[in-house]
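Remarks on the structure that follows.
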Amino acid sequence: MKLFKSIMFCTDFSEGADRAFDVALELAKTNGARLFLMHVIPPIVSPSPAFEEFVPNYSSIEFTEQVMNSSQEKMAETYGARLDGYTNYEVRVENGYPSNRIVDFAEQNDVDLIVVGSQGLTGLAHVFFGSTAEKVVRKAPCTVMCVRHRSKE
55 MKLFKSIMFC TDFSEGADRA FDVALELAKT NGARLFLMHV IPPIVSPSPA
105 FEEFVPNYSS IEFTEQVMNS SQEKMAETYG ARLDGYTNYE VRVENGYPSN
155 RIVDFAEQND VDLIVVGSQG LTGLAHVFFG STAEKVVRKA PCTVMCVRHR
205 SKE
């Protein structure tokens with residue numbers, strides 16, 4: 055019996071997310087599930103309107119598009135070769151508040167399992183934004199697996 059038909063792996067490119075990818079891929083292979091590889095670019099990445107005054111001929115929209123394209127490339131570089139021939143996947147790079155976009159995508163695509171690293175942002179970033187994993191666990195329409203990061207000692 056297959057437990058999961060669709061699995062969403064969410065990454066912030068941290069070491070914790072790296073371990074979560076291995077788990078998500080193995081679960082997808084075992085269940086023959088569709089695997090969504092998701093990265094969400096927070097809205098704070100977009101420059102303010104004043105940015106356009108200091109950098110002529112470069113709009114906020116162009117900046118956001120460049121960040122989105124660069125994130126797509128990073129997804130391919132970071133995870134592409136590690137898919138080990140698995141072809142039932144889709145790469146998604148979205149813009150917005152990470153926990154909201156993850157939950158919305160899961161609802162809209164009938165995701166059965168969300169896999170996230172238990173540690174991503176640290177320090178002040180964690181204080182200001184909280185843990186994306188914690189927010190996803192509270193709001194997700196499906197099961198969420200938080201994968202603990204193992205130190206490489």
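For the sequence shown, my numbering gives the first residue as 55, with consecutive numbering after it. Using N, Cα and C, we set each Cβ at its ideal position, and we do this for glycine too. Keep in mind it's a predicted model, so treat the numbers as computed, not measured.
Range of the contiguous beta strand (DSSP E) that encloses residue i
i: Met-62; result: 60 to 65
i: Arg-146; result: 143 to 149
DSSP three-state assignment for residue i, whether helix, strand or coil
i: Leu-89; result: strand
i: Arg-155; result: helix
i: Gly-70; result: helix
i: Leu-167; result: strand
i: Asn-123; result: helix
i: Met-55; result: coil
i: Arg-192; result: helix
i: Tyr-140; result: coil
i: Ser-114; result: helix
Beta-carbon proximity of residue i to residue j, cut-off 8 angstroms
i: Arg-73; j: Val-170; result: no
i: Ile-95; j: Asn-149; result: yes
i: Leu-89; j: Asn-142; result: yes
i: Met-92; j: Ile-156; result: yes
i: Ser-60; j: Asp-138; result: no
i: Phe-58; j: Tyr-133; result: no
i: Ala-194; j: Ala-160; result: yes
i: Met-122; j: Val-145; result: no
i: Glu-69; j: His-203; result: yes
For residue i: DSSP bridge partner residues
i: Thr-197; result: Leu-167
i: Ile-95; result: Asn-149
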